[in-house]
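**Student:** Pasting a structure below so you can have a look.
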Amino acid sequence: IIEAVAPKPEDTIIEIGPGRGALTERLVESGARVIAIELDRDFVPILREKFAGQENFKVLEDDALQIDFNSLISNNSTFDIRHSKLVANLPYYISTAILQRLAEQREGFSELVLMFQKEVVDRITAEPGNSDRGFLTVLVEASFETEKLFDVPPAAFQPAPKVWSSVVRLKPKQADISDFDHFRNVLSLSFSQKRKTIFNNLKPHFTNAPRSLSDAGIDPSRRAETLTLDEWITLTTRLRD
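In the numbering used here, the protein residues as written are 39 to 279.
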C-alpha cells in the first residue's frame, strides 16, 4: 500500500481508520503531512502517544461518513490539490456510503488508494454485462479513473479475516454530467430491482421513460447492468428534458 501511495514530503495525506498506526507510521516517516481520522476512541490516545512530537501528524476523532473533506483540506495551510491523497482500509459495511461521499467530494484529491473486501472491488470494476455491475459501479466510474492494484490474502492480517481484500487506486475525473444528483437518482431507480428491465424500473417514476430510452438509442428490454457509462449519461440527460 505504501508503494501505491508513494508518499512524498510535499504530500498531504488523509488516512481513514488508522487503528494502531501501522500504515500511519510509514506515511509519517515519509515526511508527508498526515491527517488521521479515527472513530474508535480507544485508538485515538494510542495514536497521539505514538506520534507525540511529530509535527507532520494530526489525529481527528471523527466519523469519515460525516466529515467534510473539502473543508478539512482547504483549511490546511499546506494544501495543494496536486499533492493531496487519501488512503484507507475500509470495512465492508460502510463501503457504499463512503464511496458515495468520496465521489461527492472528490475534487480535493489527486488520488485515493483504498482497500476493501475483494467483493467490493470486483463490483466497482465490473464491466457492462457483468452481473456484479450495479449502482456503485457506475457511480464510481462516473467519478474516478479506476485501477485495481492487487489482492491481499487473509493471512496478511492479524487476526486473519475469512475473505480476501483488494487495493484499488481512484483518480478523480469530471464526467460530462450537469446534474449529479439527478444522475445518481436515475441510477438508484434503475438498479433497484436488477432482474427487471430498465424500462420497468423507470416507468413508475418518469412519464417520458419510453421516449427517453428511444432517443438515447437504448433497447427498453435491456437490464441496467448492460449499459455503458456513456449510455447512462445520455439517458439521464434525456430523462431530465
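In this text, a Cβ means the ideal position worked out from N, Cα and C, and glycines have one as well.
1. Taking C-beta to C-beta, are D108 and Q143 nearer than 9 Å?
2. What are the residues that DSSP puts in a beta bridge with G189?
3. Give the single residue among E41, A193, E53, P199 whose Cα lies nearest to the Cα of D101.
4. Buried or exposed: where does T175 fall if 16 or more other Cβ atoms within 10 Å of its Cβ makes it buried?
5. Using DSSP bridges, identify the partner residues of N127.
6. Can you tell me whether V158 is buried or exposed, with buried defined as 16 or more other CB within 10 angstroms of its CB?
7. In the DSSP assignment, what residue or residues form a beta bridge with V178?
8. Just verifying my parser: in three-state terms, what is the DSSP assignment at L77?
9. Considering only the beta carbon of each residue, do V66 and F89 sit closer than 9 Å?
10. Can you check whether the CB of P45 is closer than 9 Å to the CB of K96?
11. Ignoring anything shorter than 3 residues, give me the beta strand (DSSP E) runs that lie fully in the stretch 54 to 98, in order along the chain.
**Tutor:** So, from the listed chains and residues:
1. Counting from one through the sequence shown, the residue named residue 108 turns up at place 70. Counting from one through the sequence shown, the residue named residue 143 turns up at place 105. Here residue 108 is Asn; the residue named in the question, Asp, does not match the sequence. Yes; because the gap between Cβ atoms is below 9 Å, this pair is in contact.
2. Within the sequence shown, the letter at position 151 stands for residue 189. In the sequence on display, residue 189 carries Asp and not Gly. For D189, the pairing in a beta bridge is given by DSSP as S204.
3. Here the question's residue 101 lines up with position 63 in the sequence shown. Of E41, A193, E53, P199, the smallest CA-CA separation from D101 is found for E53.
4. Here residue 175 corresponds to residue number 137 of the sequence shown, with the count starting at 1. By the neighbour-count rule (16 or more Cβ atoms within 10 Å), T175 is buried.
5. In the sequence shown, counting from the first residue as 1, residue 127 sits at position 89. Beta bridge pairing from DSSP links N127 with M153.
6. As a position in the sequence shown, residue 158 is number 120, starting the count at 1. Classification of V158: buried, given that the 10 Å Cβ count is 16 or more.
7. For the purposes of this step, residue 178 is identified with residue 140 of the sequence shown, where counting begins at 1. BP columns for V178 are empty, so no partner.
8. The residue labelled residue 77 in the question sits at position 39 within the sequence shown. Correct three-state label for L77: coil.
9. Position 28 of the sequence shown, counting from 1, holds the residue named residue 66. Position 51 of the sequence shown, counting from 1, holds the residue named residue 89. Taking the C-beta atoms as reference points, F89 is found nearer than 9 Å to V66.
10. In the sequence shown, residue 96 corresponds to position 58, counting from 1. In the sequence shown, residue 45 corresponds to position 7, counting from 1. It is not a contact, given that the beta carbons lie outside the stated cut-off.
11. Segments of the beta strand (DSSP E) lying fully in the stretch 54 to 98: 71 to 76.
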